[in-house]
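J.: Starting off with a structure, shown below.
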Amino acid sequence: MRARVVSAAPDASAPAIDVRAIEKAFGDFIAVKGISFQVARGEVFGLLGPNGAGKSTLIRMMTTLVVPTSGTAIIGGCDVVEDPNGVRRAIGVIPQAMTSDLELTPTENLSIFAKLYGVPRARRKHLIAELLEAVELTAWADKPVKNLSGGMRRRVEIARGLVHEPRIFFLDEPTTGLDPVSRGAVWEMLRKIKAERDLTVLLTTHYMDEADKLCDRIAIVDHGELKALDSPANLKAAVPSQNTLDASFSGAPADWLRRLQALPGVAHVSGDGTVYRIASSSGPATTMALMAEAAKAGVSVQSLAVQSTSLDDVFVHYTGRQLRDALQAPTAADNPFMMRR
Amino acid sequence: MERMLAIMERELLRFSKSPALITMSLIVPLLQLVVLGYAFGGTVRHLRVAIVDQDRAVPAVKFRELLGAVQANTSTFDTIEYHDVTVAIDALRQGKLNGVITIPPDFSRRTLDKRAPQIALITDNTDNVVAATLTASLSNLLVAYDAPRVVQRRIPGATSLDVVEVYPYVPYIQYLLPGSIVMSIFMMVMIGGGIIFIDDKARGLHEGYLVTPVTALELILGFNLSGAIKAVIAGLVLMTFGTLIAGVPHPFEVLRLLRMLLVIVVTSMALISMMFLIMVRMNNPLMPRALFGALNTLLYFPSGAVYPQQAFPGWLRAIAIVDPFTYAVHALKSLILKNTGLAAITNDLLFLSIFSLVTLGAATLLFRRTL
Chain A
3 MRARVVSAAP DASAPAIDVR AIEKAFGDFI AVKGISFQVA RGEVFGLLGP
53 NGAGKSTLIR MMTTLVVPTS GTAIIGGCDV VEDPNGVRRA IGVIPQAMTS
103 DLELTPTENL SIFAKLYGVP RARRKHLIAE LLEAVELTAW ADKPVKNLSG
153 GMRRRVEIAR GLVHEPRIFF LDEPTTGLDP VSRGAVWEML RKIKAERDLT
203 VLLTTHYMDE ADKLCDRIAI VDHGELKALD SPANLKAAVP SQNTLDASFS
253 GAPADWLRRL QALPGVAHVS GDGTVYRIAS SSGPATTMAL MAEAAKAGVS
303 VQSLAVQSTS LDDVFVHYTG RQLRDALQAP TAADNPFMMR R
Chain B
2 MERMLAIMER ELLRFSKSPA LITMSLIVPL LQLVVLGYAF GGTVRHLRVA
52 IVDQDRAVPA VKFRELLGAV QANTSTFDTI EYHDVTVAID ALRQGKLNGV
102 ITIPPDFSRR TLDKRAPQIA LITDNTDNVV AATLTASLSN LLVAYDAPRV
152 VQRRIPGATS LDVVEVYPYV PYIQYLLPGS IVMSIFMMVM IGGGIIFIDD
202 KARGLHEGYL VTPVTALELI LGFNLSGAIK AVIAGLVLMT FGTLIAGVPH
252 PFEVLRLLRM LLVIVVTSMA LISMMFLIMV RMNNPLMPRA LFGALNTLLY
302 FPSGAVYPQQ AFPGWLRAIA IVDPFTYAVH ALKSLILKNT GLAAITNDLL
352 FLSIFSLVTL GAATLLFRRT L
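Chains as they are written, first to last, in this note's numbering: chain A, 3 to 343; chain B, 2 to 372.
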């Protein structure tokens, strides 16, 4: 066994997570290319990117599951390479796959992990009851997990990840595969727990709304590189077009796309003759001009929706591709090990 | 230590809540014991044998009386009268008969002249067991036929073979029982150790363990000890039911049960360690399922569980030498069939213990604490 490096008490001003030029190669394939960033204590930090972007490898290096090829990360004052056990004690991890034992009850699931983390017997019972209360599963504490819905299982896992009262919480795609209502419930739960426990949270997601609602700062990762890192508001502000207009028309003439492009404020237009997406620096001005142009050309506007810049647009801006398209891409390189449910 | 116990607790809790798994790993060996035991164990009876008597004089009639006695008592065969050898042989070829006995025309004359009288037996030798049974039965019968003269001819000082059977008669089902107990241990190791281990790994369950401060040694011991406990339970269940089904005499003799428990524990450790070595670097959930049949055949049949190893060709004996089943089956056979003490099975226990240490050591070296 490796001797544990005893680290000094974490400095209050030191970042909770300090990733330093971390890199991981699988043979010739470089999954993570020398990424560096810091996460302050108490921050909720999002890693955004499609499958295959390298975010799972990145989170696995930070949670000691994968050893970096070069570089390192200091998590809660402990080095992932030098003192992985120190890191393991400081962090709670919710892996991507649902890993609760279905035959066991939430209490049994939590109890076993409390023992794995060496939580003293005297505190276990109280702590488990308190955590199940926090994730609103007290009524289900002694029912087999297999009888619980997907969202409830996720909440069991959130409680399980907190059973040793970690300071830093890692969640790998916490709401993937959940229906919108369950996702909302999980977000609510996370916000509440974070506020009560003074946690630093790092989560990966490929849901834009999730990153937007939950995160203080977001890192966009693609092809193993850090493409952008800022607060959701700043990221959106940095994208040239401020608004997106989704419109559909009937009776549009052949040169309609060109005429739309000539409208005031328009940065980019894409469309297929009926449905168009217009990126604009000024939503109101473009909308007014569009209506006038349509009236002049005798084109009838079937629908028109104006949206302010979303993280979707930010993602396209920084990676050159739609997140949704990217999601369809093969994901084997991301994780040759895991079988998705 | 507490972390190792937590892993064992998890594995055994899940096991206790999966009755289907427990049943499945016990059904196959029990089924095999009962079906194979009764299919192979029985005495061959009522073989259809043609008798073509071309002599019909007093010595021939005397011989046929003896045939009648066999038919009435052990019922090994039923005789059917034929007049023509060719017709009888045709019937044999068509599968209507199992054998043809011909008494040649000169049988009586040669008997009376003491000129080496002969009886012919024509058998369907595509079935070894039937042919051997008929031959043996007829040979015995001829000894009885010749008996008065044997006594006359007996020379004082001539060597004769006197067979002494040390143990009571062993039905085939009892002969099979040791193999079935080892098989039940192996099934549990395969399902409860191999398949579940790889499925958990593929489902990402092991990630849950790996992000905790549990050490590699605690993980390995936790997996193997819980696997061994499951296997011991399977072995004990089969031992209890198997002994009763097979009708082993004195099934609840305490000392023997304790010795069997020891063999079952050591065998379980050996097999789970071997399984862990096979699975330690495996990720594909289909692999253990594909391996199942091959391993089963490769371990069970060369072990001497169903047929004596002395009959094997060299290469099969070579497999038997490294096959842990061989030693487990030998030890259980000694205890169940001969009720021996520990001295008779020391070598078996020694081999199985060393086998466990070597395979577990190799698996520990290959085990990775990270993904």
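Beta carbons: idealized from backbone N, C-alpha and C, even for Gly.
Would you say G209 (chain B) reaches chain A, if we count a Cβ-Cβ gap shorter than 7 Å as a contact?
T.: yes
J.: Taking C-beta to C-beta, are R15 (chain B) and E219 (chain B) nearer than 7 Å?
T.: Contact flag unset, no.
J.: Quick one: which chain A residues come within Cβ less than 8 Å of A291 (chain B)?
T.: Those do not exist, as A291 (chain B) stays about 16 Å from chain A at its closest Cβ, beyond 8 Å.
J.: Would you say I170 (chain A) lies against chain B (beta-carbon separation less than 7 Å)?
T.: no
J.: For the stretch 216-241 of chain B, list every residue whose C-beta sits within 7 Å of some C-beta in chain A, in sequence order.
T.: T216
J.: In chain order, which alpha helix (DSSP H) runs of at least 4 residues are fully inside the stretch 301-326 of chain B?
T.: 315-323
J.: Given this structure, state the Cα-to-Cα distance separating V271 (chain A) from A55 (chain A), to the nearest angstrom.
T.: 28 Å
J.: Under 8 Å between beta-carbons, which chain A residues line up against E3 (chain B)? List them in chain order, please.
T.: Within chain A, the residues near E3 (chain B) are K117 and G120.
J.: Counting only Cβ pairs nearer than 7 Å, list the residues of chain A close to R15 (chain B).
T.: D103, E105 and L106
J.: Which of helix, strand or coil does DSSP assign to L201 (chain A)?
T.: coil
J.: Assign G195 (chain B) to one of two classes, buried (16 or more other C-beta atoms within 10 Å of its C-beta) or exposed (fewer than that).
T.: buried
J.: Quick one: measure Cβ to Cβ for E105 (chain A) and K18 (chain B), integer angstroms, because I've assumed they're closer than 8 Å.
T.: 4 Å
J.: Can you list, in chain order, the residues of the stretch 65-97 of chain A whose Cβ is nearer than 8 Å to any Cβ on chain B?
T.: The stretch 65-97 of chain A vs chain B, Cβ under 8 Å: T65, T66, L67, V68, V69, N87, R90, R91, I93, V95 and P97.
J.: Exposed or buried, which one is D56 (chain B) when buried takes at least 16 other CB atoms within 10 Å?
T.: buried
J.: Cα separation between V151 (chain B) and L162 (chain B)?
T.: Only weak support is given to the placement of V151 (chain B): the predicted model assigns it a pLDDT of 49, under 50, and the question is left unresolved by the model.
J.: Does DSSP put Y83 (chain B) in a helix, a strand or coil?
T.: strand
J.: Are A363 (chain B) and V183 (chain B) close, meaning C-beta to C-beta below 7 Å?
T.: no
J.: Give me the residue from A:A291, A:L247 and A:G273 with the minimum Cα distance to Q309 (chain A).
T.: For the options A:A291, A:L247 and A:G273, the alpha carbon positioned closest to that of Q309 (chain A) is the one of A:L247.
J.: For F224 (chain B), tell me which candidate among B:N74, B:I199, B:A203 and B:P30 has the shortest Cα-Cα distance.
T.: For F224 (chain B), the nearest C-alpha among the options comes from B:I199.
J.: In chain A, which residues lie less than 7 Å from P20 (chain B) when you measure between Cβ atoms?
T.: Correct list: empty, because the minimum Cβ distance to chain A is about 11 Å.
J.: Does A99 (chain A) come within less than 7 Å of chain B when only Cβ atoms are used?
T.: The Cβ of A99 (chain A) sits closer than 7 Å to at least one Cβ of chain B.
J.: Relative to the C-alpha of L32 (chain B), which residue among B:F352, B:I273, B:L258 and B:I174 is closest?
T.: Among B:F352, B:I273, B:L258 and B:I174, the Cα nearest to that of L32 (chain B) is on B:I174.
J.: Using 7 Å as the threshold, is the C-beta distance between I120 (chain B) and T80 (chain B) below it?
T.: no
J.: Would you identify the three-state DSSP class for R15 (chain B), choosing helix, strand or coil?
T.: helix
J.: Got a sec? Which residues, its chain only, sit under 6 Å from F108 (chain B) by beta carbon, not counting five neighbours each side?
T.: The residues are D56, A61 and P118.
J.: List, in order along the chain, the chain A residues whose C-beta lies closer than 7 Å to that of R11 (chain B)?
T.: D103 and I114
J.: Does G205 (chain B) have its Cβ less than 7 Å from a Cβ in chain A?
T.: Yes - at least one Cβ of chain A is within 7 Å of the one on G205 (chain B).
J.: Check distances from the C-beta atoms of the stretch 51-63 of chain A to those of chain B and list, in chain order, the residues that come in under 9 Å.
T.: R62
J.: Give, in chain order, every unbroken run of the beta strand (DSSP E) that is at least 3 residues long and sits entirely within the stretch 225-309 of chain A.
T.: 227-232, 245-252, 268-273 and 277-282
J.: Looking at the strands, I want to know which residues DSSP matches up with G100 (chain B).
T.: B:V50 and B:T124
J.: Answer with buried or exposed for R46 (chain B), where buried requires no fewer than 16 other C-beta atoms within 10 angstroms of its C-beta.
T.: With fewer than 16 neighbouring CB atoms inside 10 Å of its own CB, R46 (chain B) falls in the exposed class.
J.: Are there 16 or more other CB atoms within 10 angstroms of the CB of E190 (chain A), so buried, or fewer, so exposed?
T.: exposed
J.: Starting from the beta carbon of T371 (chain B), find every residue of chain A whose beta carbon is closer than 9 Å, and list them in chain order.
T.: R62, T66, L67, V68, V69 and P86
J.: With burial defined as no fewer than 16 other Cβ atoms inside 10 Å of the residue's Cβ, what is the status of W316 (chain B): buried or exposed?
T.: exposed
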